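Asker: Residue numbers (the numbering used here), protein chains in the order written: chain X, 1 to 114; chain U, 115 to 229.
Glycine residues also receive a C-beta, built at the ideal position from the N, C-alpha and C atoms.
Predicted model only: the values in this text are computed from it and were never measured.
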Amino acid sequence: GENVEQHPSTLSVQEGDSAVIKCTYSDSASNYFPWYKQELGKRPQLIIDIRSNVGEKKDQRIAVTLNKTAKHFSLHITETQPEDSAVYFCAASSRQGGSEKLVFGKGTKLTVNP
Amino acid sequence: DAGVTQSPTHLIKTRGQHVTLRCSPISGHKSVSWYQQVLGQGPQFIFQYYEKEERGRGNFPDRFSARQFPNYSSELNVNALLLGDSALYLCASSLSGGQGANVLTFGAGSRLTVL
Chain X
1 GENVEQHPST LSVQEGDSAV IKCTYSDSAS NYFPWYKQEL GKRPQLIIDI RSNVGEKKDQ
61 RIAVTLNKTA KHFSLHITET QPEDSAVYFC AASSRQGGSE KLVFGKGTKL TVNP
Chain U
115 DAGVTQSPTH LIKTRGQHVT LRCSPISGHK SVSWYQQVLG QGPQFIFQYY EKEERGRGNF
175 PDRFSARQFP NYSSELNVNA LLLGDSALYL CASSLSGGQG ANVLTFGAGS RLTVL
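This is the structure we're talking about:
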């Protein structure tokens with residue numbers, strides 16, 4: 001089955017700097033890669049996603065890149081702000097019979113220092 | 115329009131007891147998925163239901179079961195609770211349940227503590 005590895009597990013940056021989180025996946029059939037942000041005690045919230053027919057997608061300060069050949073994808077946050085501090089999860093879609101589930105990485109705790 | 119709603123938000127049980135968690139999807143969404151999130155880990159897939167039928171099941175024991183009702187709401191049941199079942203149980207809804215990589219929207223979760 002699908003396996004998703006996420007690095008680093010913790011990341012500390014200064015306000016205004018960029019942050020990069022990287023994930024690799026194992027199933028070449030995966031075709032959908034969302035990123036979720038989870039603040040302490042709250043629900044995971046989708047911040048950006050990318051499908052396998054696209055190599056890069058950007059939404060304001062957030063961008064995601066996908067390399068299908070190498071089976072890895074990355075989240076880039078520019079001009080970080082303290083409110084970006086949270087745990088970020090990458091995920092990859094995995095088909096199981098008639099369903100389509102998400103397989104998540106273990107998360108990256110991002111701290112943006114003022 | 116309400117998002118995904120889950121109840122209860124918090125509950126405490128003792129080993130061996132049974133628990134039922136409830137979820138109402140976003141209006142118009144026909145698929146509900148359940149995930150378990152242990153502290154410090156990413157969510158792990160338990161079940162997916164679509165149009166009241168089970169579409170997929172993760173690597174969880176038979177103590178875990180679920181169902182979906184005609185109004186698309188869902189229940190997750192866990193029998194014979196173990197300490198290791200302590201986790202945040204997340205429900206997510208999506209428009210459909212099949213192929214096409216539909217976007218999942220998560221509820222706030224039910225925090226289960228087993229003593």
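If I'm right that Y36(X) touches F89(X) with Cβ under 8 Å, what's the distance once you round it to whole angstroms?
Answerer: Along the first sequence, read from residue 1 onward, the residue named residue 36(X) stands at position 36. Along the first sequence, read from residue 1 onward, the residue named residue 89(X) stands at position 89. The pair is a contact, with the Cβ atoms about 5 Å apart (cut-off 8 Å).
Asker: Do Y203(U) and L135(U) have their C-beta atoms closer together than 8 Å?
Answerer: Taking the second sequence and counting its residues from 1, the one referred to as residue 203(U) is at position 89. Taking the second sequence and counting its residues from 1, the one referred to as residue 135(U) is at position 21. Yes, these two residues count as a Cβ contact at 8 Å.
Asker: So does the stretch 158-166 of chain U actually touch the stretch 177-197 of chain U, counting three or more Cβ pairs closer than 8 Å?
Answerer: At 8 Å Cβ cutoff, the stretches touch.
Asker: Based on the DSSP output, what are the partners of H72(X) in its beta bridges?
Answerer: Residue numbering aside, residue 72(X) sits at position 72 when the first sequence is read from its first letter. In the DSSP output, where bridge partners are listed per residue, H72(X) has T24(X) and N67(X).
Asker: What number of angstroms, rounded off, separates the C-alpha of H132(U) from the C-alpha of T10(X)?
Answerer: On the second sequence, position 18 is the one that residue 132(U) refers to. On the first sequence, position 10 is the one that residue 10(X) refers to. Distance between the alpha carbons of H132(U) and T10(X) is about 36 Å.
Asker: Which of the three DSSP states is assigned to G198(U) in this structure?
Answerer: As a working note, residue 198(U) is residue 84 in the second sequence. The answer is helix: DSSP assigns G198(U) an H, G or I state.
Asker: When we look at the beta-carbon of R51(X) and count the other beta-carbons within 10 Å, is it buried (16 or more) or exposed?
Answerer: On the first sequence, position 51 is the one that residue 51(X) refers to. Flag for R51(X) reads exposed.
Asker: Name the chain A residues that come within less than 8 Å of K42(X), Cβ to Cβ?
Answerer: Given the protein chain composition of this structure (X and U), no chain A is represented.
Asker: Does the contact criterion of 3 or more C-beta pairs under 8 Å hold for the stretch 77-87 of chain X versus the stretch 14-28 of chain X?
Answerer: Contact between the stretch 77-87 of chain X and the stretch 14-28 of chain X is present, because at least three Cβ pairs lie under 8 Å.
Asker: Relative to the alpha-carbon of I140(U), which residue among Q151(U), G172(U) and S187(U) has its alpha-carbon at the smallest distance?
Answerer: What you label residue 140(U) is simply residue 26 of the second sequence in a count that begins at 1. Closest option to I140(U), Cα to Cα, is S187(U).
Asker: Just checking: is the beta-carbon of L46(X) within a distance shorter than 8 Å of some beta-carbon in chain U?
Answerer: As a first step, residue 46(X) is located in the first sequence; it is residue number 46 there, counting from the start. Interface residue, yes.
Asker: Figure out for me which residue from V4(X), K57(X), Y32(X) and V13(X) has the closest Cα to the Cα of K22(X).
Answerer: Here residue 22(X) corresponds to residue number 22 of the first sequence, with the count starting at 1. Nearest option by C-alpha distance: V4(X).
Asker: Checking 8 Å against the spacing of the C-beta atoms, do S74(X) and S30(X) come in under that value?
Answerer: By one-based count along the first sequence, residue 74(X) stands at place 74. By one-based count along the first sequence, residue 30(X) stands at place 30. Result no, Cβ atoms of S74(X) and S30(X) do not sit closer than 8 Å.
Asker: Any C-beta of chain U sitting closer than 8 Å to the C-beta of F73(X)?
Answerer: As a position in the first sequence, residue 73(X) is number 73, starting the count at 1. So, not an interface residue.
Asker: Any beta carbon of chain U sitting closer than 8 Å to that of K58(X)?
Answerer: The residue labelled residue 58(X) in the question sits at position 58 within the first sequence. Chain U, which has no Cβ nearer than 8 Å to the Cβ of K58(X), makes this no.
Asker: With H, G and I counted as helix, E and B as strand and the rest as coil, what does DSSP make of P34(X)?
Answerer: The residue you call residue 34(X) lines up with position 34 of the first sequence. Three-state result, P34(X): strand.
Asker: Say whether chain X places a C-beta atom closer than 8 Å to the C-beta of V217(U).
Answerer: As a first step, residue 217(U) is located in the second sequence; it is residue number 103 there, counting from the start. True, the Cβ-Cβ gap to chain X drops below 8 Å.
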